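The sequence shown maps to residues -17 to -1, 1 to 530 in mature numbering (1 follows the signal peptide of the UniProt record, and there is no 0). Notes for the one structure printed next.
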Amino acid sequence: MRVYLALLFVFVSCLNAASVKKVAPFSNIKRYSLSGTIYLPYAEIEEPFRAWYDVDQSASRIDYYDGMETTIQLAPTSSKDYGTGIKISPMTDEVQTNVRTCFWLNGTKDAPVEIQRAIPDTSDFTFIGEATWKTYSVDKWETVVQEGDKKNTYTFYINSKNGNPLYYEMIGYDSLLGSHYDKYYIEYYNFDTDEISPSVFAITTSLKCRDFPGPGAKNRASVNPMREFIHSDDSHVHDEFTKFQKHHVKNYQTVMEHKERQHIFRQNLRYINAINRRGLSFRLAINHLADKSDEELSLLRGKLKSSGQKKSNNGLPFDMSKYQNKALPDTWDWRIYGAVTPVKDQGICGSCWSFGTAGAIEGAHFLKHKSLIRLSQQNLVDCSWGFGNNGCDGGEDFRAYDWIIKHGGIATEESYGKYLSADGYCHFNNATVGARMHGYVNVTPFDAVALKTALVNEGPISIAIDAGHKSFVFYANGVYYEPECGNKEDDLDHAVLLVGYGNIYGQDYWLVKNSWSTYWGNDGYVLMSQKDNNCGVTTQTTYPLVL
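As structure tokens, then:
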């Protein structure tokens, strides 16, 4: 009998323990502060944050990147109030640099502002059991949400010893695509439930808040980025994707392709918003490439790497002594003088090298003959294979120069025919050339003064850069500086045209013309930082000697 009672006691105790564990934690929590990091593996982003949440004060606050950007959510306090979302971030304009600026967005009846949790409401979660995460014993909670073809699994780990949140993960699977379309996770630390001072949610008197320009889900997401990850509110993604499709006339052939493109767009949008929250010297924006996969984007970078092939070229060394008595201006822009043709779009073809080459010859021809002509990139794509170029699969400027010298020139765009964004039949006729050349010069590598001197005196320069970073793909404006950029010769994967230089907001920059259409960058151009030879602007540069 005693054995029976003992077993019954153990059984009841286990039931009680299990029932305690099955009470959803944090579903009714009133107040907390914590730190954490959001990880977006598909967007290659790690974003640190600090959060405060207080139901009694009807307020929440989340700081990103050590307070670089602050968002505050103030819930409605009356039936006539729909709450307010506030964003404070650095702003730079023509008058001031990195000034803390406040924007606010009032809620509406249909879209009231609510205070924002940084940990999920686990009311709909199920206790799965105990597990180990890193070095911690954890209680594992999970919920699965099925929406059409999409199955989203949310997993939450809680420290078994002290009940603190540790880890939250979302994995999205699309049965139509047969693949995972989304994943993000958040790691938590410094969890605390102590009282929060009202000053945490107050705006300093020195800040005057202004309205956000324009309405819509985009602004709601801007004042509360965390909502997408904790409440799975991606309405702004759908809105932005619809606008993107309409603006860029994106017509997908199948439902599957539409889904794939939207999933890619989602990750790129997250990346853009996360980078912009860092308050860097440049901004990113959605452009016509936002639905392209990493593999497709790599096709845009067609500068060959000559390792194992012909690495040296027939270019002449740059003679700095010729310019000893010529002072360099503080700024320079060949567009002002009429030496640069309009920006083009190379399409999904690795022909960037042909654009850099043709652009340099166009500029040199203008200086010599006072006439701007449009030269044919397609001519070089089709015809210079014998010199080591590979059409849409990549090439180098000096190989194109060598072909032009041997064959007596390069055709005009008008005579050769339009650019195809594909490898075509070579039909060059040297009777219709637009420009001829007899040689080319290699500007002294890693020498910014030499490069400026050559640029000012000889015309636009063909250069190669490291463009293999998403920050470059979605560059919109400002001075571009990417710490991950390489500047060695083997790091360079994209050919562009250098047309100027200058200084803005105290930062020295190179003015570079790209070949990804006027939808990219600042009407097709980028200001690239001169600091530390970022992205290799001065590493491999040439200019042609025209006849």
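Using N, Cα and C, we set each Cβ at its ideal position, and we do this for glycine too. Nothing here was measured: the structure is a model prediction, and the numbers come from that model.
Along the alpha helix (DSSP H) that carries residue i, what are the first and last residues, could you check?
i           : result
M239        : V238 to N259
D277        : D277 to S281
R382        : D380 to H390
residue 607 : The structure shown does not extend to residue 607, since the chain is modelled only from -17 to 530, so the question has no answer here.
Y399        : E396 to Y399
H230        : S218 to H230
N362        : Q360 to C366
Ends of the beta strand (DSSP E) at residue i?
i    : result
Y47  : A42 to Y47
D313 : Segment: none, D313 is in no beta strand (DSSP E) and carries neither H nor E.
T436 : Not the beta strand (DSSP E): T436 falls in the alpha helix (DSSP H), residues A431 to E441.
Q129 : Y119 to E130
A343 : No beta strand (DSSP E) holds A343; the alpha helix (DSSP H) holding it covers C335 to H352.
K70  : T67 to M74
K134 : K133 to N142
CA-CA distance, residue i and residue j?
i    : j    : result
Y137 : K92  : 30 Å
R20  : D194 : Checking the displayed sequence, the identity of residue 20 turns out to be Thr instead of Arg. About 29 Å.
S41  : I98  : 7 Å
R100 : T60  : 18 Å
T225 : Y36  : 33 Å
D175 : G131 : 38 Å
G155 : Y168 : 12 Å
P443 : F32  : 44 Å
P181 : V78  : 33 Å
Y402 : R357 : 12 Å
A185 : H214 : 25 Å
W493 : D313 : 12 Å
G291 : P527 : Model confidence at G291 stands at a pLDDT of 48, short of 50, so the residue's coordinates are unreliable and nothing is read from them.
S281 : A268 : 19 Å
F227 : N413 : 43 Å
M239 : D157 : 10 Å
K4   : S43  : Because the pLDDT of K4 is 49, which lies under 50, any placement of that residue in the model is unreliable, and the question is left without a value.
W124 : N147 : 13 Å
S295 : R318 : 31 Å
F248 : E113 : 36 Å
H348 : E243 : 45 Å
R382 : G422 : 12 Å
Check the C-beta distance from residue i over to residue j and give it rounded, since I have them as a contact under 8 Å.
i           : j    : result
Y458        : V509 : 5 Å
S16         : I141 : Not quite, the Cβ-Cβ distance comes to about 17 Å (not below 8 Å), so this is no contact.
V482        : V323 : 5 Å
L363        : S337 : 4 Å
L283        : G333 : 7 Å
L311        : T436 : 6 Å
Y65         : P95  : 4 Å
residue 539 : S404 : As shown, the chain starts at -17 and ends at 530. That puts residue 539 outside it, with no answer to give.
Which residues in the same chain as residue i place their Cβ atom closer than 7 Å to its Cβ, once the five residues preceding and following it in sequence are excluded?
i    : result
V416 : G391, G392, I393 and A394
A433 : F301, M303, V426 and T427
L350 : A322 and G442
N460 : F265, R266 and N505
Near residue i, which residues of its chain fall below 6 Å by C-beta distance, leaving aside the five closest residues on each side in sequence?
i     : result
L480  : G339, G342, P443 and K496
Q129  : none
S(-5) : A caution first: S(-5) carries a pLDDT of 44, below 50, which makes its placement in the model unreliable, though a value can still be read off. Excluding positions up to five away in sequence, the list is empty.
W315  : V439, G483 and Y484
Y502  : N270 and H271
S120  : S143
E52   : S72 and R260
P208  : none
Excluding five sequence neighbours on each side, which residues of the same chain lie with their C-beta closer than 8 Å to the C-beta of residue i?
i    : result
H452 : E465, E467 and C468
Inter-stretch contact (C-beta, 8 Å, three-pair minimum) for the region 43 to 58 and the region 261 to 268: yes
Counting Cβ pairs closer than 8 Å, one from the region 364 to 372 and one from the region 380 to 388, do we hit at least three? yes
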